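Here the structure is laid out as structure tokens; the discussion comes afterwards.
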Amino acid sequence: MLPALTPAVAVLVRGAAADAAVSVRAVRTSADRPHAVYLLLDPDPPAEAFNRAAAVRTEPFLLFLEAGVVPSGSAWLSGLLDSLDGSVAAAVCTLDGSADRLCGLLTRREVFDLVGGFDPDRAGDGGHVEDYLARLIGHGYECVAPAAARFLAGHPQLRKAG
């Protein structure tokens with residue numbers, strides 16, 4: 003068991019700086035388990051940028067998030083982590099109100115490494131999460147979309163001066 007303060011999850015947020023800042027702030031203030039957040043301002047396609055960032059992380063779990071989304075409830079990180087048991091190798095995050103719109107993925111590092119991460123040649127500029135899930139299923143793993151993994155499109159809180 004990991005000590006309570008050891009980050010077990012590397013949260014990798016990729017996208018435009020303003021959108022990513024919204025997600026980073028929301029994750030840092032709402033996550034209920036030890037984690038470390040990393041902002042990726044990488045112009046390369048998502049699969050390549052995420053693979054590079056994951057390669058230098060040592061945490062046992064990797065959470066890949068699209069910039070501009072925020073968790074829709076509390077205990078969301080525990081809910082995601084708790085869903086990865088037995089043969090479940092990945093939990094997808096969906097945009098609230100659109101179950102078919104994926105905005106993130108939590109996976110075990112050893113599984114990510116086993117299947118070679120995201121495949122930039124197959125995914126191009128998008129579809130890297132869907133391709134990863136298809137390859138996991140092909141290897142006999144299960145993938146889930148737990149209720150705790152609902153996210154909202156985030157917008158910065160504007161405050162009136164004075």
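Going by our numbering, the final residue of the sequence shown carries number 164, and the count climbs one at a time with no gaps.
Note that CB positions come from ideal geometry on N, CA and C, so glycine has one too.
Given the structure is predicted, the values throughout are model-derived calculations rather than measurements.
Spatial neighbours of Arg59 in its chain, beta-carbon cut-off 7 angstroms, leaving aside the 5 residues before and after: Ala12
For Val58, the first and last residue of its enclosing beta strand (DSSP E): Val58 -> no beta strand (DSSP E), and no H or E assigned at all.
Backbone CA spacing between Pro9 and Arg124 [nearest angstrom]: 31 angstroms
Uninterrupted alpha helix (DSSP H) stretches inside the stretch 14–68 (no shorter than 4 residues): 19–32 and 48–57
Sort out for me which residues DSSP pairs Ala155 with in a bridge. Val71
For Glu132, collect the residues of the same chain with a Cβ closer than 6 angstroms to its Cβ; drop the 5 residues on either side in sequence, then sort them by chain order. none
CB-CB under 6 angstroms to Val146, same chain, minus the five flanking residues each way: which ones, in chain order? Ser85, Val90 and Ala93
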